[in-house]
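Take a look at the structure set out below.
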Amino acid sequence: MTTPVVGRWCQHLQCFDVKSYLVTTRQQRNLGHRWQCPVCARLTRPEDLQVDPYVQEILSDGIWVKDGCCATDEDEVRFARDGSWSVVAASRGAASSPEVVLSDDSSDSDLEVCSPKSDFDSEYFEFSGPTTLRDNTVGNAQEPGGEKLDTDKDKSDKKVGKDNKDKKEKKDKKKKKGKKKRKDTKKEHHDKKDKQHKKDKKDKKSKSHDGEKRNHKAAHTKKARNEAEPETAELEDAPAGHIAYDAVKELPAHQNPYAYFIFRRSDETIRLQATEKQAGSLAHAAKICRLCYMRLAAGDSRSDVFAYRTELYHRINPPK
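Per the UniProt record's numbering, the sequence shown starts with residue 1, numbered consecutively.
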């Protein structure tokens, strides 16, 4: 200890070193723990520090460097009721600064602080002049907890701490909100995708089912037609392997099923068809077309072939 100080609001006699106090406070990152007395933890700013002249006089006495030795932690000081003091002989160890502890029986009401000259250059520490030690009437300040104790610097530090806390809470709230929004958006996207997938699967299944149903219905209808065909006169047909078999096409899926062919020759193109309704069955309609094709291939005229088709209709279904 080189410069013994104590806070003017402190109720204890124990002093502490001003340099150690300022260095420790400067390294403290938590604003709420700054400027606290290391003995009683009261709020103690640089302007509240008081040099204890009694302890300063003891530390500066020449007895500590007698015989070329320095004071150690083992050295003890004994105080008398009249304020005098003496050193209690003890074993000398490694050199160190003595720490003086005052008894609560000591009285310091009559001690005055002389304006010391600090050898610690710091922007946080400045003595404004001599003041009476622990004089609670200096300035119009009150003990911590009073309304007038909060200086402009206190208010500024509190405001900065509160602003930082509000900013952090606001940032955390915004981050949490953004995270929740992204989660909801992702969930909504997955739900929408699953819904669309189920819909596509259902539509595909429905289309497949409808196609099978139509095919089944067509096959059933064809079978029913064949079974319901009336007994008609049997018509002759084109010889096996004749070109008419390739030329004649059947359309069973049409609303009115029929068979047809297209015949081309140098001077004209003839399209002829025979319906299932008039021929009695699609097989008979195809047979009529093949017979008509053979007539055209043989050189008959268009009108003769159409008249021949009507004749074949009458042979199958005689007019009533």
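Even for Gly, the Cβ is constructed at its ideal location relative to N, Cα and C. Computed from a predicted structure; not experimentally measured.
The shortest C-alpha to C-alpha distance from E47 to any of Q36, Q196, Y258 is the one to Q36. Residue state for V55 is assigned as helix, using DSSP reduced to three classes.
In this structure, Q50 and V6 form a Cβ contact; the two beta carbons are roughly 6 angstroms apart against a cut-off of 8 angstroms.
The segment 253 to 261 makes contact with the segment 283 to 296, as at least three CB pairs between them are under 8 angstroms. Between the alpha carbons of E276 and A297 lies a distance of about 24 angstroms. Distance from the Cα of R265 is smallest, within the candidate group L251, Y293, A279, H242, for Y293.
For the 8 angstroms CB-CB criterion, W9 and R34 do not form a contact.
Going by C-alpha positions, R302 is about 32 angstroms away from K222. Contiguous alpha helix (DSSP H) elements confined to the segment 180 to 259 occur at 244 to 247, taking only those with 4 or more residues.
V305 and P318 have their C-alpha atoms spaced approximately 19 angstroms apart. Taking C-beta atoms as the reference points, A218 and A247 fail to come closer than 8 angstroms. DSSP places A274 inside the beta strand (DSSP E), whose first and last residues are 268 to 275. For S303, there is no enclosing beta strand (DSSP E); the residue is found in the alpha helix (DSSP H) stretching over 302 to 316.
Q255 and L272 have their C-alpha atoms some 18 angstroms from each other. Counting other Cβ atoms within 10 Å of its Cβ, G280 reaches 16 or more and is therefore classed as buried. Look at G83 here: in three-state DSSP terms it is coil, with no helix or strand label. Nearest to D157 by alpha-carbon distance, out of S84, A240, R29, is R29.
For K162 and T44, the gap between their C-alpha atoms comes out near 21 angstroms.
The beta-carbon distance between L235 and L312, rounded to whole angstroms, is 6 angstroms. This is short enough to meet the 8 angstroms contact definition.
In this structure, the CA atom of D75 is about 7 angstroms from the CA atom of V88.
Bridge pairing for G7: L49 [DSSP].
Its chain contains F263, R302 as the residues whose beta carbon lies nearer than 6 angstroms to that of I270, once the 5 sequence neighbours on both sides are disregarded; these appear in chain order. Per the C-alpha coordinates, the member of V55, E212, H314 positioned closest to F79 is V55. Under DSSP, D17 forms a beta bridge with P4.
If you compare the alpha carbons of D194, Q11, T3 with that of L22, the shortest gap goes to T3.
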